[in-house]
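Enquirer: Okay, here's the structure, questions in a sec.
Residue numbers (the working numbering): 12 to 376.
So this is what it looks like as structure tokens:
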């Protein structure tokens with residue numbers, strides 16, 4: 012099948028408010044109606060709006076980042092019926108291509124205000140910030156972080172199939188207990204889907220969803236468990252690039268775009284694969300910087316105040332990021348510029364040591 016023959020099953024507009032468009036939703040629920048039908052072993056194109064639904068503009072002000080309405084995110088395209096898919100099957104999703112919208116060759120990275128979303132380092136960097144990135148083929152540059160240019164690794168942040176009523180009840184019970192125990196705030200909608208539906212944050216082991224795995228670019232294969240008839244597959248949150256951890260929360264280079272996917276149904280796949288969570292097989296596409304071109308920083312589970320934490324990977328990764336920010340200051344960049352860059356450039360974060368009690372060791376090459 013030639014590229015010109017690939018059917019487009021979802022089109023979005025960048026000029027119409029996202030909430031006024033069909034084939035877009037922001038919750039996981041088995042009762043959301045199908046947005047279209049895709050044949051088994053068919054390759055299709057799916058357009059996706061950016062994860063905020065167009066709330067962030069291509070301008071030099073961070074006010075839109077400060078005031079973004081996070082109760083509306085993420086905007087996903089779907090859900091799509093995959094013919095022959097039934098509960099117990101596995102949906103094999105092969106990413107053939109991901110591209111920005113031709114009419115919008117730009118994206119954004121942001122730091123949310125501490126009082127509206129925050130981020131990984133919001134105790135240190137509490138105010139909103141934003142960088143706009145312009146796309147030039149496989150590369151991107153930003154007027155807000157001068158003299159930086161790197162190749163993107165374009166990928167979707169969210170892919171998943173709808174939960175069954177039973178799986179959804181498990182999520183709501185599990186996360187509701189955590190919310191109650193930690194006195195977390197939440198917004199409760201009144202309509203059935205709004206009231207019962209699972210938000211797109213966090214990802215969940217039963218279906219994947221918000222995985223934010225930066226390496227799931229062209230050629231990648233994702234094996235998703237099917238819980239409802241027709242699968243009800245949805246996708247969105249497209250990224251031009253992202254660093255491991257997506258540390259600033261709005262931390263990838265977020266964009267509107269179009270993803271080309273081939274779908275195959277693996278009958279009885281959950282049992283045959285012994286699947287307890289999705290499986291991901293990254294494709295062969297990634298930026299190559301070559302040996303000797305990586306500078307590695309490391310952090311341990313000792314915080315900036317000198318307090319030792321027991322096997323705390325969050326503290327260790329935070330310290331790694333802070334060491335890198337301190338280093339890059341000497342080249343004239345502000346802390347916020349480096350924070351944004353580390354969040355969206357394809358940097359790698361690894362767990363190097365978990366056996367040396369009481370410390371985790373996290374390097375960032």
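By construction, the Cβ of each residue, glycine as well, lies at the ideal position given by its N, Cα and C atoms. Keep in mind the model is a prediction, meaning the values are calculated, not measured.
Taking the CB atoms as reference points, tell me whether residue 291 and residue 224 lie closer together than 8 Å.
Expert: Against a cut-off of 8 Å, the Cβ pair of residue 224 and residue 291 comes out as a contact.
Enquirer: Take residue 32 as the anchor and find which of 249, 23, 39 and 178 has the nearest alpha-carbon.
Expert: For residue 32, the nearest C-alpha among the options comes from 23.
Enquirer: What did DSSP end up calling residue 283 once you bin it into helix, strand or coil?
Expert: Three-state DSSP puts residue 283 in a helix.
Enquirer: By alpha-carbon positions, which one of 144, 157, 128 and 242 ends up nearest to residue 137?
Expert: Closest by alpha carbon: 128.
Enquirer: For residue 152, report the span of its beta strand (DSSP E) as first-last.
Expert: Counting along the chain, the beta strand (DSSP E) containing residue 152 begins and ends at 150-152.
Enquirer: Starting from the C-beta of residue 264, find all residues in its chain whose C-beta is less than 8 Å away, skip the five residues before and the five after it, and write them out in chain order.
Expert: 118, 119, 120, 144, 151, 163, 250, 251, 252, 253 and 355.
Enquirer: DSSP on residue 187, reduced to helix/strand/coil?
Expert: In this structure, residue 187 counts as helix in the three-state DSSP scheme.
Enquirer: Can you check whether the C-beta of residue 356 is within less than 8 Å of a C-beta belonging to chain D?
Expert: Absence of chain D from the displayed structure is noted, only one protein chain being present.
Enquirer: Do residue 86 and residue 35 come within 8 Å of each other at the CB atom, strictly closer than that value?
Expert: For residue 35 and residue 86, yes; Cβs fall inside 8 Å.
Enquirer: Measure the CB-CB distance between residue 296 and residue 228 and report whether it falls below 8 Å.
Expert: Cβ distance < 8 Å, so residue 296 and residue 228 count as in contact.
Enquirer: Give me the residue from 102, 169 and 125 with the minimum Cα distance to residue 215.
Expert: Minimum Cα distance to residue 215 is reached at 169.
Enquirer: Mapping the DSSP letters down to three states, classify residue 132 as helix, strand or coil.
Expert: Reduced to three states, the DSSP call for residue 132 is coil.
Enquirer: Inspect the CB distances between the region 317-331 and the region 88-101 and report whether three or more fall short of 8 Å.
Expert: They do not touch, by the three-pair rule.
Enquirer: In terms of DSSP beta bridges, what is residue 140 paired with?
Expert: DSSP, once it has assigned bridges, lists 122 as partnering residue 140.
Enquirer: In three-state DSSP terms, what is residue 200?
Expert: Legend: pLDDT at residue 200 = 39, less than 50; position of this residue unreliable, value from coordinates given subsequently. The answer is coil: DSSP assigns residue 200 none of H, G, I, E or B.
Enquirer: Less than 8 Å between the beta carbons of residue 268 and residue 112, yes or no?
Expert: Yes, Cβ-Cβ distance for residue 268 and residue 112 is below 8 Å.
Enquirer: Any idea what DSSP makes of residue 346, helix, strand or coil?
Expert: The answer is helix: DSSP assigns residue 346 an H, G or I state.
Enquirer: Using the three-state DSSP reduction, which class does residue 92 fall into: helix, strand or coil?
Expert: Correct three-state label for residue 92: strand.
Enquirer: Using the three-state DSSP reduction, which class does residue 360 fall into: helix, strand or coil?
Expert: If DSSP states are grouped into helix, strand and coil, residue 360 belongs with coil.
Enquirer: Please state whether the Cβ-Cβ distance between residue 247 and residue 88 is less than 8 Å.
Expert: Yes, Cβ-Cβ distance for residue 247 and residue 88 is below 8 Å.
Enquirer: Which stretch, first to last residue, makes up the alpha helix (DSSP H) that contains residue 272?
Expert: No alpha helix (DSSP H) contains residue 272, which is instead part of the beta strand (DSSP E) from 268-277.
Enquirer: Look up residue 77 in the DSSP assignment and say whether it is helix, strand or coil.
Expert: Residue 77: helix per DSSP, three-state reduction.
Enquirer: So for residue 306, helix, strand or coil by DSSP?
Expert: In the structure shown, residue 306 sits in coil (DSSP, three-state: anything other than H, G, I, E or B).
Enquirer: If distances are taken between C-alpha atoms only, which option among 363, 141, 47 and 81 comes closest to residue 71?
Expert: Among 363, 141, 47 and 81, the Cα nearest to that of residue 71 is on 141.
Enquirer: Taking DSSP as the reference, what is the three-state secondary structure of residue 162?
Expert: In the structure shown, residue 162 sits in a strand (DSSP, three-state: E or B).
Enquirer: Contact check, residue 258 vs residue 132 under 8 Å by CB: the rounded distance?
Expert: Yes, residue 258 and residue 132 are in contact; Cβ-Cβ is about 7 Å, under 8 Å.
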